[in-house]
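Asks:
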Amino acid sequence: MLHDGAELRAVECVFDNTRSGVISRGGHLELERCRVEAPCDVVLKLNPRTTGHATANRVKCSLFGGWQRPVGFRRHSNVGLPAAEEAAEAEEGAEAEMAAEAAAAASPA
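In terms of our numbering, the sequence shown is residues 1 to 109.
1) At which residue ranges does the region 59 to 85 contain complete beta strand (DSSP E) runs of 3 or more residues, listed in the order of the chain?
2) Just to confirm the assignment, what range does the beta strand (DSSP E) spanning THR51 have?
3) Can you tell me the Cα-Cα spacing of SER62 and ARG69, whole angstroms?
4) With DSSP as the reference, please indicate the residues paired to VAL42 in a beta bridge.
5) Do LEU81 and THR174 come within 8 Å of each other at the CB atom, strictly closer than that value?
6) In chain order, what residues of the same chain have a beta carbon less than 6 Å from the beta carbon of VAL14, not counting five sequence neighbours either side?
7) With the cut-off set at 8 Å, would you say GLY72 and LEU44 are in Cβ contact?
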């Protein structure tokens, strides 16, 4: 699927027999509770300006492959990732949780 900017929200979709799930040229993307079946090289090829998140998806390939995760794009609770991506996702989640706690502690009561 080619996402050509603006906004795309895919919920409970199935991507089957495709080399890439979503190719984005920017904009906002939300991929939630989707299933990506094999054969698949990479789920997301995202432009660095892409924002949004990939949440609770079941994949049978790499989420980003050799592509970089854009700074404004978050990922969490995805299942079936290669071990290195799973570890990176867990680390990002822990960092986000710590930042949220720090912000809550710093705000006046």
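Cβ coordinates follow ideal geometry from the N, Cα and C atoms, glycine included.
Replies: Quick answer:
1) Those beta strand (DSSP E) runs which fall completely within the region 59 to 85 and span 3+ residues are 73 to 76.
2) Start and end: 51 to 55.
3) Taking the straight line from one Cα to the other gives about 12 Å.
4) Beta-bridge pairing links VAL42 to SER20, SER62.
5) Because the chain here runs from 1 to 109, residue 174 falls outside it and cannot be looked at.
6) Spatial neighbours of VAL14 in its own chain (CB-CB distance under 6 Å, excluding positions within 5 residues in sequence) are listed in chain order as ARG35.
7) No, they are not a contact pair.
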